[in-house]
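What follows is one structure encoded as C-alpha cells, with my remarks underneath.
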C-alpha cells in the first residue's frame, strides 16, 4: 500500500519534486482521520483520531526532507490540517488554513506535499477548521539537523514529545455552537498532557542520563507553566532556533508555542511529578504526569511542585532571557547568528491592536477594529484565478484607530523582500499570543504600557530569538522584525482559539509581480478547488 502510494504520488507530482530538489529524501505518511471515543478527563467525548491515535502520530523528519502526507477525511464534515511553524517556502497553497487551502470533503483525501526547507526544531500540526482543535487531531513535528551539521549539545538518551493544553469535557460541536451563538467560552475543565488527564501520562528515564522534551502548548485559551519535581530544565531550542542554554526551575509556554528542554535524571531513583498549570488565572488548573526512573524505589510522593505566581514579571523576565545561541549551527553550516538583522533598516512599521466587543449583539474579536470573516473561496485561490469580490487588499489598516469593531475579510499587502517591523499592542487584561504562518521573526522587544518610537531604544538588535509565535502581556507591547522572503498568502492570527474563530486574524499577502519558480511554486496539480474556484483548471506543472 505504502509503496503503491509512493509511486503514484511521485509520478503525479514529479515536476514539483524537481523544484523541491531531487536530492532530498521523501517521507511518506498515510493518515485516516476519524471520530472516536476519547476519555482525557475521565468522561467519554467524541475526539478526532489520526490512524486511531489521540493525539495523532509524531512526524519525524530531517532538514530539507520532503513530506508526502496523504490525509483521508473519514469525518462527516470538511477537514483541514495546518502545520504550525513549517514555513512552506514559496508554497502557501499547502498551508492548511481556509484562506489558502480548500477543505477536504467528507469521504475524500488530499495529499499535502511539504518540504521542511532549511528548518530544524520542534513544532506541531493541528486541525484548523470548525473548532476541531478542541477535539484533538493534533500531533508533534520534529525536524532533526542533517547528520553532518553539529548541534550545540550531546545527543540525549531519549527524545520525547510533550503536548500540553487546556481542555473541555464538552464536545467541540457544543463549544462551536456556543461561539456561533455569540457567547464566550467558559473556563476550561482541566489540563491534558499527551491526551491524558492527571496522572495518565508517564515518561521513563534511566538514572544519570540526559533527556530531551519537545513541549508544545496546543491548548485553546491559557498560557501554561511546565515543571518537573526536583529537576532543573535547560532550554536548548525554541521553534527552530538553538537558544543560549539557560537553566530554569520551570518554563512558561504561551498558546501555540513550542520549545525543547534538556534535563538530567540526577535525583534518587523513584517517581517524580511532572506538573503543568494555567498561568495568570485566578483559579489555577494543574495536571500531572509521572517521570519514572527505571530502577525506581517507590511511587511519586510529596506535594506537586509549585509554579510561579499570577504576576507577569517572572514570565516577562524569563521571556527576555531567551536569546539565540549565536555560535550554534542552524539547518546550514553557518552559525545561526550570521544574519545581522540589527544592521538592516526596516522599511515599514505595522502596529496591530487586539480588541473584543459586540457586533450585531454577538461576541466578536478584532485586529485594528476589523473582525475577520471567511470568504466563500480561499483567498489564495481567488488571487491565483483573479476572482474579484472575494477580498480587498488594504481592508485592514497598518495602525489601530480606536473605532468600533466591524466585519470584513481583511487582507494586508506587503512587498516581497521587504524588512518590516510589527508591533503588537495589547490594551486588554489578557495575555495574547500571535502566530504568523510561513515565517520566523525576531522578537526584538517587549514591555508594559504603550509602544512609542522611543521604545526602539530597548530593542535587542544582536541575539533576539527567532520564532513563529510570540506572547504579548496584558497592557503591554511586543515588537518583531520580519524579513518578507516568502511569497504567498499568510495567516496572522491569535492563538487564543475562540478569538481566532471569532475574527482575530487576517492574511498578509506577500506579493511580487515575478512569476519565477525561484519566488513561488505554481499551484499544485492536485489542489482542491472550492467556492468560486470550483470547476477551474490548474495549469500543468
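Residue numbers (mature numbering (1 follows the signal peptide of the UniProt record, and there is no 0)): -22 to -1, 1 to 519.
Beta carbons are placed, not taken as given, at the ideal position from N, Cα and C, and that holds for glycine.
(Q) Quick check: the Cα distance between residue 137 and residue 177, rounded to an integer number of angstroms? (A) A direct Cα-to-Cα measurement between residue 137 and residue 177 gives close to 20 Å.
Q: Check whether the Cβ atoms of residue 327 and residue 386 lie closer than 9 Å to each other.
A: If you check the CB distance, residue 327 and residue 386 do not come in under 9 Å.
Q: Run the CB neighbour count on residue 261, radius 10 Å, all protein chains shown included, and call it buried at 16 or more, exposed below.
A: When all chains shown are included, residue 261 counts as exposed.
Q) Between the C-alpha atoms of residue -14 and residue 357, what's the straight-line distance to the nearest angstrom? A) Confidence is the limiting factor: at residue -14 the pLDDT is only 42, short of 50, which leaves the residue's position unreliable, though a coordinate-based value still follows. One Cα belongs to residue -14, the other to residue 357, and the distance between them is close to 26 Å.
Q | Length-filtered (4 minimum) alpha helix (DSSP H) runs lying within the region 332 to 390 | A | As far as the region 332 to 390 is concerned, its whole alpha helix (DSSP H) runs of at least 4 residues are 357 to 363.
Q: Mind checking which residues open and close the beta strand (DSSP E) that includes residue 282?
A: Boundaries cannot be given for residue 282, as no beta strand (DSSP E) includes it and DSSP labels it neither H nor E.
Q) What are the boundary residues of the alpha helix (DSSP H) that includes residue 429? A) If you look at residue 429, you'll find it isn't in any alpha helix (DSSP H); DSSP assigns it neither H nor E.
Q. DSSP state of residue 123, grouped into three classes?
A. Residue 123: coil per DSSP, three-state reduction.
Q | Unbroken stretches of the beta strand (DSSP E), 3 residues or longer, contained in the region 163 to 236 | A | As far as the region 163 to 236 is concerned, its whole beta strand (DSSP E) runs of at least 3 residues are 168 to 171, 180 to 183, 188 to 195, 202 to 206, 211 to 216 and 229 to 231.
Q. With distances taken from CA atoms, which of 213, 19 and 218 is nearest residue 94?
A. For residue 94, the nearest C-alpha among the options comes from 218.
Q) What residue range is occupied by the uninterrupted beta strand (DSSP E) comprising residue 414? A) It spans 410 to 414 - the beta strand (DSSP E) in which residue 414 sits, taken as one unbroken run.
Q. Out of 123, 368, 75 and 509, which has the shortest C-alpha to C-alpha gap to residue 107?
A. Looking at the Cα atoms, 75 is the closest of the given residues.
Q: Answer yes if the region 171 to 185 comes into contact with the region 230 to 248, meaning at least three C-beta pairs across the two stretches below 8 Å, and no otherwise.
A: Contact holds: three or more Cβ-Cβ distances are below 8 Å.
Q. Which one of 515, 65, 339 and 64 has the shortest CA to CA distance from residue 159?
A. It is 339 whose Cα lies nearest to the Cα of residue 159.
Q) Do the region 146 to 153 and the region 328 to 337 make contact, defined as three or more Cβ pairs closer than 8 Å? A) Short answer: they don't touch.
Q) Is residue 473 helix, strand or coil when you go by DSSP? A) Here residue 473 sits in coil by DSSP.
Q) Who are residue 61's beta bridge partners in DSSP? A) Per DSSP, the beta bridge partners of residue 61 are 103.
Q | Neighbour-count burial assignment, residue 413, 16 or more Cβ in a 10 Å radius | A | Residue 413 is buried by the Cβ-count criterion.
**Q.** Local Cβ density within 10 Å of residue 515, reported as buried at 16 or more and exposed below that
**A.** Answer is exposed; the Cβ neighbour count stays below 16.
Q) Just checking my contact of residue 453 with residue 407 at CB under 8 Å: how many whole Å lie between their CB atoms? A) Between residue 453 and residue 407 the beta-carbon gap is near 7 Å, inside 8 Å, which marks them as a contact.
Q: Taking residue 265 as part of the beta strand (DSSP E), name the residues at either end of that continuous run.
A: Start and end: 264 to 271.
Q: Identify, in the order they occur along the chain, each residue of the same chain with its Cβ nearer than 8 Å to the Cβ of residue 39, setting aside the five sequence neighbours on each side.
A: Only 5, 45, 94, 119, 120, 121 and 122 meet the Cβ criterion.
Q.
Under 8 Å, with one C-beta from each stretch per pair, do the region 298 to 310 and the region 205 to 212 reach the 3-pair mark?
A. With a cut-off of 8 Å, the region 205 to 212 and the region 298 to 310 do not count as touching, because too few Cβ pairs lie within range.
Q.
Counting C-beta neighbours from all protein chains within 10 Å, is the total for residue 166 16 or more, i.e. buried, or is it exposed?
A. So residue 166 ends up on the buried side.
Q) Got a sec? Which residues, its chain only, sit under 8 Å from residue 282 by beta carbon, not counting five neighbours each side? A) Contacts found: 207, 251, 253, 264 and 266.
Q) residue 351: buried (16+ other C-beta within 10 angstroms of its C-beta) or exposed? A) By the neighbour-count criterion, in which a residue is buried when 16 or more other Cβ atoms sit within 10 angstroms of its Cβ, residue 351 is exposed.
Q) Per DSSP, what kind of secondary structure is residue 326 in: helix, strand or coil? A) DSSP, reduced to helix, strand and coil, places residue 326 within a strand of the structure shown.
Q) Can you tell me where the alpha helix (DSSP H) with residue 294 in it begins and where it stops? A) 291 to 299 is the span of the alpha helix (DSSP H), which, as asked, contains residue 294.
(Q) Going by DSSP, what residue range makes up the beta strand (DSSP E) through residue 457? (A) 454 to 461 is the span of the beta strand (DSSP E), which, as asked, contains residue 457.
Q: Give a yes or no on whether the minimum CB-CB distance between residue 136 and chain B is below 9 Å.
A: Within the model displayed, chain B is absent; a lone protein chain is all it includes.
Q) Taking the alpha-carbon positions, what's the residue 258 to residue 288 distance? A) Within the model, the alpha-carbon separation for residue 258 versus residue 288 is close to 5 Å.
**Q.** Contacting residues, own chain, Cβ-Cβ under 6 Å from residue 457 (five flanking each side not counted)
**A.** In the same chain as residue 457, and ignoring 5 residues on each side of it, the C-beta atoms closer than 6 Å to its own belong to 401, 422 and 423, in chain order.
(Q) I'd like the span of the alpha helix (DSSP H) that includes residue 150, first residue to last. (A) First-last of the alpha helix (DSSP H) with residue 150: 150 to 158.
Q.
Report the start-end ranges of each beta strand (DSSP E) in the region 3 to 78 that is 3 residues or longer and not cut off at the edges.
A. Segments of the beta strand (DSSP E) lying fully in the region 3 to 78: 4 to 16, 23 to 28, 37 to 40, 44 to 51 and 59 to 62.
Q: Throw me the rounded Cβ distance for the residue 374 and residue 342 pair, which I believe falls under 8 Å.
A: Incorrect: roughly 14 Å between the Cβ atoms, too far for contact.
Q: Give the range of the beta strand (DSSP E) segment to which residue 403 is assigned.
A: 397 to 404 is the span of the beta strand (DSSP E), which, as asked, contains residue 403.
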